[in-house]
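Under numbering that gives the first Met the number 0, think of the first position of the sequence shown as 0, with each following residue one higher. Data first, discussion second: the structure below is written as structure tokens.
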Amino acid sequence: MHKFGDCSFCGGEVQNDLVELDYRYKGNLYIFKEVPAGVCQQCGEKYLIGKVSREIERRINAREKWNKTINVPLNIFSEVVPT
Ligand SMILES: [Zn+2]
Numbered sequence: 000m001h002k003f004g005d006c007s008f009c010g011g012e013v014q015n016d017l018v019e020l021d022y023r024y025k026g027n028l029y030i031f032k033e034v035p036a037g038v039c040q041q042c043g044e045k046y047l048i049g050k051v052s053r054e055i056e057r058r059i060n061a062r063e064k065w066n067k068t069i070n071v072p073l074n075i076f077s078e079v080v081p082t
């Protein structure tokens, strides 16, 4: 367990938790579940320690056997929103 300092955005308390993470790497999106991270109890900001983000990138680069591949809807939102 890592001891986190206070949240650098809102000053809230950061506690250890297991989180779901949307991880963008070299233009691709990966989702990791049950990642140990610090989570701000006030604003929800997530903090990863270096060891964990290195392991995430190692798994991506090692083409780790993925548990699942999902489709994600994508929309290019360039039109003016009607009022
Ligand atoms: Zn915060």
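Even for Gly, the Cβ is constructed at its ideal location relative to N, Cα and C. Model, not experiment: these values are computed from the prediction.
Of the candidates Asn66, Val79 and Lys45, the residue whose Cα lies closest to the Cα of Tyr29 is Asn66. Judged by the Cβ position, Phe3 fails to qualify as a neighbour of ligand 1 at the 7 Å threshold, every heavy atom of the ligand being at least this far. Taken from the Cβ of Phe31, every heavy atom of ligand 1 lies 7 Å or farther away. For a cut-off of 8 Å, the C-beta gap from Lys32 to Val38 is around 14 Å, too long to register as a contact. When the beta-carbon positions are compared, Ile48 and His1 come within less than 8 Å of each other. Selection around ligand 1 by beta-carbon proximity, strictly under 5 Å to any non-hydrogen atom, yields Cys6, Phe8, Cys9, Gly11, Cys39, Gln41, Cys42 and Glu44 in chain order. Sequence-distant partners of Gly11 (beyond 5 residues in either direction) whose C-beta falls short of 7 Å from its own C-beta, in its chain, are Asp5, Cys39, Gln40, Gln41 and Cys42.
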